[in-house]
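Structure, as structure tokens:
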Amino acid sequence: MKNTIKEIYDIYSVSSFERPISEYLEQAYKGYSYKIVRDKLNSIFFNKENPGRKKVMIAFPLDEYGLMVREIEDNGKVRFVLLEDISPLSFLNQRVNIITRNKENIKGIVKADVKFAENSKTNIGEDDLYIEVLAPRDKLEEKVKIGDLVSLDSPFYEDEDFIMARSLSQKIFQYISLNLAGKIKDKTYPFDLYVGGISQSTIGFRGTKTATYVIKPDLALALASFETNASSPKISLADGLIVGKYDKQMLPDKKLLSFVEDRFESKSYLGLRGNDGSFIHKTISGTPSLSVGLATANISTANEIVLKTDIEKLENFLIDFLDQVGEFLGE
């Protein structure tokens, strides 16, 4: 498992910088002789063609959580804006990687002017934070520009049971899609299948709409990570398949929800944060949609955690779902 995930992990893909991961996936999908379908934002899908039949879409995000440089102060502090509405505390004391215009990676750490060992202050806002860059001042001013993107950065850790790393909420599904592409290569389905990643998804769901207009699906699964921290009803690592039943943007298609719950063991998740399914289902004339995925700890930090058996269970679900979903479509 490690080699493929590590290759994917080493490709930074902050929103609007998805081309490198998109090109990596395209080459991998082409290795199985699939047709490639894109939108103009670098979303990438492999198409197991069955022209004229109903279209099934399985989608996941390509882009990672990130920041953008907004100011470089005279003292060398690099100020930033968050690219998504998440707590600034998610980034405090985290390693980060500034992606420069010439695609050089400059390392740093997010800090605040607080002596945490002497001050119990917890009310930290975005304006309290800055990036301390691990580079001499002259190189910093020469290479880092306002508007440069910043990703989280951390060592990739894998043992017998767990993976801990940044952006697993996106990277795991990119990995699963490659396994799926290989395992279903010789199967025949009574529908037209599209599986792939959506650009500018994690940050604002912009590409979710463009990709949906390109594919025009009749049914969609959105692959999503579901936060274990403070979840209610409680979900945990090792819970296997998780099914999203509510978020601020979406109530799942009841018929599709019943189809999945009646056939597959799963746990329910209710949360406020949306996912690709939140927007696929209300694009064009409306698409029966459902979010499914796996439990993930510490989402939006540099140390997200997933369990390997959960990855395997989700992958097996997708294979079995595709074998059976023709019944739902009436095919």
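Residue 92 in numbering that gives the first Met the number 0 is what sits at position 93 of the sequence shown, and the numbering runs on without skipping anything.
By construction, the Cβ of each residue, glycine as well, lies at the ideal position given by its N, Cα and C atoms.
- The shortest CA-to-CA distance from Val77 to any of Ser235, Gly146, Lys184 is the one to Gly146.
- Around the CB of Gly243, 16 or more other CB atoms lie within 10 Å, so the residue is classed as buried.
- Under DSSP, the beta-bridge partners assigned to Leu128 are Ala111.
- Under DSSP, Phe45 forms a beta bridge with Ile35, Val194.
- Looking from the CA of Leu82, the closest CA among Gly325, Ile202, Pro251, Val36 belongs to Ile202.
- Within the same chain, Ile175, Asn178, Leu179 come within 7 Å of Glu314 by CB-CB distance, once the 5 residues on both sides are set aside.
- Of the candidates Asp246, Ile57, Glu125, Ile57 places its Cα closest to the Cα of Phe190.
- Under the three-state reduction of DSSP output, Pro60 falls in the strand class.
- At the C-beta level, Leu128 and Val109 come within 9 Å of one another.
- Pairing Glu303 with Ser168, the inter-Cα distance amounts to about 8 Å.
- Shortest Cα-Cα distance from Phe155 to any of Leu148, Val149, Met163 involves Met163.
- A check of alpha carbon separations from Asp38 across Tyr8, Thr3, Met67, Arg205 identifies Arg205 as the nearest.
- Listed in chain order, the alpha helix (DSSP H) elements of length 4 or more contained wholly in the segment 186–244 are 205–214.
- If you ignore the 5 residues before and after Tyr31, its C-beta comes within less than 7 Å of the C-beta of Ala180, Gly181, Lys184, all in its own chain and listed in chain order.
- With respect to the C-alpha of Val55, the residue from Val194, Glu125, Pro135 having the closest C-alpha is Val194.
- Rounded to whole angstroms, Leu151 and Leu24 show a C-alpha spacing of 21 Å.
- Each residue's CA atom was taken as its position, placing Glu264 and Leu236 some 15 Å apart.
- Setting aside the 5 residues that flank it on each side, Ser14 is surrounded in the same chain by Asp62, Gly65, Leu82, Gln199, Thr201, Ile202, each with a C-beta closer than 7 Å to its C-beta; the list follows chain order.
- Boundaries of the beta strand (DSSP E) harbouring Ala164: 161–164, taken from the DSSP string.
- If the five residues before and after Gln173 are omitted, its C-beta is found closer than 8 Å to the C-beta atoms of Ile7, Ile20, Leu24, Phe59, Leu61, Gly196, all from its own chain and listed in chain order.
- Per DSSP, Thr300 is not a residue of any beta strand (DSSP E), being assigned neither H nor E.
- Burial state of Ser290 is buried, judged by a 10 Å Cβ sphere holding 16 or more other Cβ atoms.
- For Phe79, the beta-bridge partners assigned by DSSP are Val68.
- Within the DSSP bridge table, the entry for Val291 names Leu222, Val242 as partners.
- Your pair Ser224 and Ile85 does not check out as a contact, with CB atoms roughly 13 Å apart and the cut at 8 Å.
- For Tyr268, the enclosing beta strand (DSSP E) stretches over residues 266–269.
- Cβ-Cβ separation between Asp246 and Gly270: approximately 6 Å, consistent with a contact (criterion under 8 Å).
- Residue state for Glu103 is assigned as coil, using DSSP reduced to three classes.
- A straight line joining the alpha-carbon of Ala294 with that of Ser153 spans about 20 Å.
- Per the coordinates, the alpha-carbon of Gly292 lies some 29 Å from the alpha-carbon of Asn92.
- Between the alpha carbons of Lys253 and Ser288 lies a gap of roughly 9 Å.
- Straight across, the Cα-Cα distance linking Asp126 with Leu139 is about 21 Å.
- For Glu157, the pairing in a beta bridge is given by DSSP as Ile162.
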